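Asks:
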Amino acid sequence: MKVLLTGSAGFIGSAVDDALTARGDEVVRVDWMLPNAHGAGAALPGGTHRLDVRDAATSSEWADLLRGVDVVCHQSALVGAGVTVADLPAYAAHNDLGTAALLAAMAEHGLTRLVQASSMVVYGEGRYTCPEHGDQPPGSRSVEALESGDVENHCPVCDRVLGWDVVDEDARLEPRSAYAASKLAQEHYALAWARQAASAAVSLRYHNVYGPRMPKDTPYSGVAAMFRSSLERGEAPKVYEDGGQMRDFVHVADVARCNVAAIDAVVAAPTGTHVAYNVCSGQPVSILDVARTVAAGTGVDIDPEVTGGYRLGDVRHIVASPRRASEELGFTAAISPDVGLREFATAPLRD
């Protein structure tokens with residue numbers, strides 16, 4: 028199979044490239060090498076085309092690369108929670124415009140199969156239940172509550188603290204940050220393209236991905252890498268709120284395996300379809316326990332610092348159901364967070 032892989036030099040893209048190459052697929056590698064992800068002046072890996080995905084609909088070089096491709100695996104994106112509101116245009120340009128341009132180019136050249144990297148951030152808050160009033164969708168946590176140390180979501184009927192539950196792919200979508208809004212827009216473009224161009228698309232909603240070759244010392248990286256970078260500097264990892272936020276951490280090798288499964292599935296999918304899948308370990312873990320596990324793996328005797336601080340774009344809990352990916356893609360994560368996060372503590376990161 029011939030696969031065009033955008034973002035091929037990135038943290039996740041590299042792992043997907045390795046998995047596809049290992050099974051004998053022909054991979055066309057494309058990456059724009061964004062400084063946020065790769066650092067200023069990063070060298071282009073051999074065999075990789077340096078192209079901006081926003082030019083896909085107008086560039087003759089893109090047209091040449093798209094010929095004969097069976098599936099496009101679109102990993103290219105600006106990631107992270109964002110630092111300021113000034114990041115909004117960058118997310119819209121790289122994630123939304125870039126995806127739209129790529130889909131237009133695919134339609135022009137008769138390519139009808141897409142796997143797109145999405146994110147759990149499209150859900151916003153996760154699923155919550157009240158012991159008396161059942162499922163209750165929470166509103167945004169107020170600044171006043173967060174400032175006072177009340178980090179929980181409360182039942183709108185009785186004001187009890189809501190308990191968390193797993194989120195499946197049919198849950199409501201309510202992005203709470205610029206990055207989240209851009210990822211949901213990518214999914215909507217993929218859905219519209221699949222219908223209008225008689226094509227098929229899969230969106231993979233990655234939960235917290237970690238593993239070798241993550242970028243370090245950048246707010247656009249994942250929280251596990253930020254903890255790891257702090258420990259390497261001899262500093263305590265700083266944990267927001269009370270550290271009790273529940274998440275799902277999935278190893279990059281498992282993410283790569285899921286991409287391969289999704290590529291095979293989308294090739295066989297009926298036209299006019301778009302399906303989203305959670306990509307997760309299925310083993311929830313608190314943010315404080317993530318920091319402790321990474322610290323234990325380094326062998327550095329530094330306890331995490333629970334700051335009580337907060338970020339308005341953060342949600343309290345978001346934990347995924349792995350069921351659909353298991354049943355329809357045959358994907359189950361092989362690396363548990365307690366093992367993978369300890370190993371990640373000494374895995375190489377990208378400067």
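Note that our numbering has the sequence shown beginning at 28, numbered continuously upward.
Ideal Cβ positions, reconstructed from N, Cα and C, are used throughout, including at glycine.
Values in this document were obtained by computation on a predicted structure and should not be read as measured data.
If you reduce the DSSP assignment to three classes, tell me which class residue 250 lands in.
Replies: DSSP places residue 250 in helix when its eight states are reduced to three.
Asks: So who's on the other strand from residue 216, going by DSSP bridges?
Replies: Secondary-structure assignment with DSSP links residue 216 through no beta bridge to anything.
Asks: Mind checking residue 272: buried by the 16 CB within 10 Å criterion, or exposed?
Replies: buried
Asks: With DSSP as the reference, identify every bridge partner of residue 156, one or two as the case may be.
Replies: Within the DSSP secondary-structure output, residue 156 pairs in a beta bridge with 162 and 190.
Asks: Classify residue 47: buried if its beta carbon has 16 or more other beta carbons within 10 angstroms, exposed otherwise.
Replies: buried
Asks: Around the Cβ of residue 209, are there at least 16 other Cβ atoms within 10 angstroms (buried) or fewer (exposed)?
Replies: Counting C-beta atoms within 10 angstroms of its own C-beta, residue 209 has 16 or more neighbours from the protein chains shown and is therefore classed as buried.
Asks: What does DSSP give as the partner residue(s) for residue 265 in the beta ladder?
Replies: 332
Asks: For residue 339, is the classification buried or exposed, using 16 other Cβ atoms within 10 angstroms of its Cβ as the cut-off for buried?
Replies: Residue 339 is classed as exposed because its beta carbon has fewer than 16 other beta carbons within 10 Å across all chains shown.
Asks: So that I know if they touch, is there some Cβ in chain D lying closer than 7 Å to that of residue 77?
Replies: The question asks about chain D, but that chain is absent: this structure has only one protein chain.
Asks: Leaving aside the five residues before and after residue 221 along the sequence, list all residues of the same chain whose C-beta is less than 7 Å from its C-beta, in chain order.
Replies: When the five nearest sequence neighbours on each side are left out, the beta carbons in the same chain lying within less than 7 Å of the beta carbon of residue 221 are those of 227, 228, 299, 300 and 301, in order along the chain.
Asks: Let me check understanding here. Comparing Cα to Cα, which of 142, 350, 236 and 365 lies closest to residue 31?
Replies: 142
Asks: Kindly identify the DSSP beta-bridge partner or partners of residue 31.
Replies: 55 and 99
Asks: Quick check: what's the CA-CA separation for residue 330 versus residue 261?
Replies: 11 Å
Asks: My output table needs one value for residue 310: the three-state DSSP class, helix, strand or coil.
Replies: Three-state DSSP puts residue 310 in coil, outside helix and strand.
Asks: Assuming residue 132 contacts residue 84 (C-beta within less than 8 Å), just tell me the rounded distance between them.
Replies: 5 Å
Asks: Could you give the distance in angstroms between the alpha-carbon of residue 378 and the alpha-carbon of residue 55?
Replies: 25 Å
Asks: Tell me the DSSP bridge mates of residue 75?
Replies: 56
Asks: Express the C-alpha separation of residue 258 and residue 282 in angstroms, rounding to a whole number.
Replies: 25 Å
Asks: Just the Cα atoms here: how many angstroms apart are residue 123 and residue 206?
Replies: 10 Å
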